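Asks: Dumping the structure here so I can ask a few things about it.
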Amino acid sequence: MIWIYAILGFVAGGAVFFVLGLLQRRKEAVNLEAARAQAEEINREAREKSQLTLKEAEVKAKDIVLGARAEAEREMRERRRELTQLENKLESREDTLEKRIEAFERREADLNRRDQSLRSREKNLAEKETQHQALLDEARAKLEQVAGLTREEAKRSLIDEMVGQARTEAAKHIRIVEEEAREEADRRAKRIISIAIERLAGEFVTERTVSVIPLPNDEMKGRIIGREGRNIRAIEAATGVDIIIDDTPESIVISCHNPIRREIARIGLERLIADGRIHPGRIEEVIRKAEQEVEESIREAGQRSIIEVGVHGIHPELVKLLGMLKYRYSYAQNVLMHSIEAAFICGAMAAELGLNEKQARRAALLHDIGKALTHEVEGSHALIGAEIARKYGESAKIVNAIAAHHEEVKAETILAPLVDAADALSGARPGARREVLESYVKRLEDLEAIAKSFKGVEKCFAVQAGREMRVIVEPSQVSDEDSVLLARDVARKIEQDMTYPGQIRVTVIRETRATELAK
């Protein structure tokens, strides 16, 4: 039974599986049909899309082809236009070249004709030159026979005569030009040189514009400088000078063109160094006291000079300016001492001439008063001094003498040339202005040696302390015209071979004397 039930169960199970297999196959068949239908639909859609894409591609391709064809046609038209323009240019250039070639050919033919003409002319000129040379030789031979001189001798004689005439004419022209230019040139040169030299106030500028202050030790330099330089700045601001601190042991330098400021700074620094207390407050106090001391010294120097010269009634401001000259130097000559000396010289000359001696001394004492202010006022010291004297009540004669002592204005009285002469005598005498005696004598000897080196010079003398040369010549060897050239040549050689202050006047003297005894 069990086996029967088992077989029946197996058969029933097989039937069930068979039915299920049929159902599955039918389902798969249905799915397959649906898939085929879907595939056909997809295929149909793909064919339609491909046909559309192909049509679109054909349309685009046609558009591209049409655009490319239009672009090519446009480029071809432009190329044709460019070619046409180039052809036109080439044709025009070709026409121009043909015209130029024709012009060159015509010019070449013309040049050939001219060349032939020139050759024929050269040939004719050569023939004529030969004929002329023969005629000249014949005439020269006849002249030599008549004159008794050879060609070279005649040429030499003619050249010598022409050179002599040229020198004479040159000397005349030089004299005329020098006479015309001397007045203006001398005035300007004297003015420029006098202003420049007087403002330097010394032959050696460094020696007259600096003062050296000794220090007890080098540590004092740091104390003078102060913290961050405040002390040295305070000193410079209070005095108006430049303090130079360098590697020079145990010394500092005060530099300033104004000698009074330099003197105030020197006194103040010496006191600060001696005291040891150096700070801005103390600096101002010491500099103020030094200014008072210098002002008192200036007044005393002015009063002493007035008493020494023997004049009175001078305005206190002029007295102060006179005292300031104590600190001024001209070619290393103290200006105050120079003024006092010029006053005595001028007074002596006035006494000899029967003029007012005190007035002459007064004018000479004040003649350089303008030098006290040339550091502050622009202009010539003579004109500055005259203006100051007029301002403080000096007479017109005194004012004119001061203004005219360098010939910058016209002398109106006899007093002006006396002051000028006294100024020159005081400044020009040997030893007045610093110059070693040996070098002074050597300079005079060199001047005389230069003058004697020229032909025709008989004697020469250096006068006015070497500021003027007197050259005496042989009248038989040097003419009046040659003397002008000689003076010029001597002056040029002095300029080239020597170094000297100011200027040197060269005077050539030519004198002819005839002596006969009456018996």
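Residues in the sequence shown are numbered consecutively from 62, following our numbering. A virtual CB, placed ideally from N, CA and C, is assigned to each residue, including glycine. In this text, all values refer to a predicted model and were calculated from it rather than measured experimentally.
Considering only their Cβ atoms, is the gap separating residue 321 from residue 385 smaller than 8 Å?
Replies: The criterion of a C-beta distance shorter than 8 Å is satisfied by residue 385 and residue 321.
Asks: Using 8 Å as the threshold, is the C-beta distance between residue 485 and residue 467 below it?
Replies: no
Asks: Should residue 111 go down as buried or exposed, given a rule of 16 or more other Cβ atoms within 10 Å for buried?
Replies: It counts as exposed.
Asks: Whole angstroms are fine: how far does the CA of residue 551 sit from the CA of residue 559?
Replies: Computed Cα separation, rounded: 12 Å.
Asks: So who's on the other strand from residue 394, going by DSSP bridges?
Replies: Answer is 391, bridged to residue 394.
Asks: Among 473, 475 and 381, which has the Cα closest to the Cα of residue 432?
Replies: 381
Asks: Could you pull the DSSP bridge partners for residue 407 from this structure?
Replies: DSSP output for residue 407 lists no bridge partner at all.
Asks: Using 8 Å as the threshold, is the region 329-336 in touch with the region 357-376, meaning 3 or more CB pairs across them?
Replies: no
Asks: Report the partner residues of residue 275 according to the DSSP bridge assignment.
Replies: 312
Asks: Helix or strand or just coil, what does DSSP make of residue 306?
Replies: coil
Asks: By the DSSP assignment, the beta strand (DSSP E) with residue 570 in it spans what residues?
Replies: 566-571
Asks: Could you spell out where the alpha helix (DSSP H) holding residue 385 opens and where it closes?
Replies: 377-385
Asks: Alpha carbons only, please: which of 463, 515, 171 and 324 is nearest the one belonging to residue 446?
Replies: 463
Asks: Extract the residue ranges of the alpha helix (DSSP H) inside the region 496-536, only unbroken runs of 4 or more that lie entirely within it.
Replies: 498-513
Asks: For residue 425 versus residue 483, is the C-beta spacing smaller than 8 Å?
Replies: yes
Asks: Contact between the region 536-543 and the region 561-575: three or more CB pairs below 8 Å?
Replies: yes
Asks: Helix, strand or coil for residue 574, going by three-state DSSP, please let me know.
Replies: coil
Asks: For residue 423 and residue 290, what's the separation of their Cα atoms in angstroms?
Replies: Approximately 49 Å between the Cα atoms of the pair.
Asks: If we ignore side chains and look at the alpha-carbon of each, how far apart do residue 260 and residue 373 end up?
Replies: For residue 260, the pLDDT reaches just 47, beneath the cut-off of 50, and the residue's location in the model is therefore unreliable, although a value from the coordinates is still provided. Cα-Cα distance, rounded: 29 Å.
Asks: Just how far apart, CA to CA, sit residue 412 and residue 421?
Replies: Residue 412 and residue 421: Cα-Cα distance of roughly 9 Å.
Asks: So residue 315 and residue 326 are in contact, right, with Cβ under 8 Å, and what is the actual spacing, rounded?
Replies: Indeed, because the Cβ distance is near 5 Å, the residues count as touching under 8 Å.
Asks: On the three-state DSSP scale, how would you describe residue 417?
Replies: If DSSP states are grouped into helix, strand and coil, residue 417 belongs with coil.
Asks: Taking just the CA atoms, how far does residue 502 sit from residue 544?
Replies: One alpha carbon belongs to residue 544, the other to residue 502, and they sit about 27 Å apart.
Asks: Considering residue 446, what are the terminal residues of the alpha helix (DSSP H) in which it resides?
Replies: 442-452
Asks: Taking the straight line between their C-alpha atoms, what separation do you get for residue 147 and residue 135?
Replies: 18 Å
Asks: Run the CB neighbour count on residue 300, radius 10 Å, all protein chains shown included, and call it buried at 16 or more, exposed below.
Replies: buried
Asks: Taking the beta carbon of residue 220 as the centre, do at least 16 other beta carbons fall within 10 Å, making it buried, or is it exposed?
Replies: Sixteen is the threshold: since fewer than 16 other Cβ atoms of the shown chains lie within 10 Å of the Cβ of residue 220, the residue is exposed.
Asks: Do residue 410 and residue 508 have their C-beta atoms closer together than 8 Å?
Replies: no
Asks: Excluding the 5 residues preceding and the 5 following residue 265 in the sequence, name in chain order all residues of the same chain whose CB lies nearer than 6 Å to its CB.
Replies: Confidence at residue 265 is low in this model, with a pLDDT of 40, below 50, so the placement of that residue is unreliable and no value is reported for it.
Asks: Please classify residue 241 as buried or exposed, where buried requires at least 16 neighbouring CB atoms within 10 angstroms.
Replies: exposed
Asks: Span of the alpha helix (DSSP H) holding residue 541?
Replies: 541-558
Asks: Excluding the 5 residues flanking residue 279 on each side, which residues of the same chain have their C-beta closer than 8 Å to its C-beta?
Replies: 310 and 311
Asks: Who are the Cβ neighbours of residue 407 in its own chain at under 8 Å, not counting the five residues just before and after it?
Replies: Contacts found: 421, 422, 424, 425, 479, 480, 482 and 483.
Asks: According to DSSP, simplified to helix, strand and coil, what is residue 218?
Replies: helix
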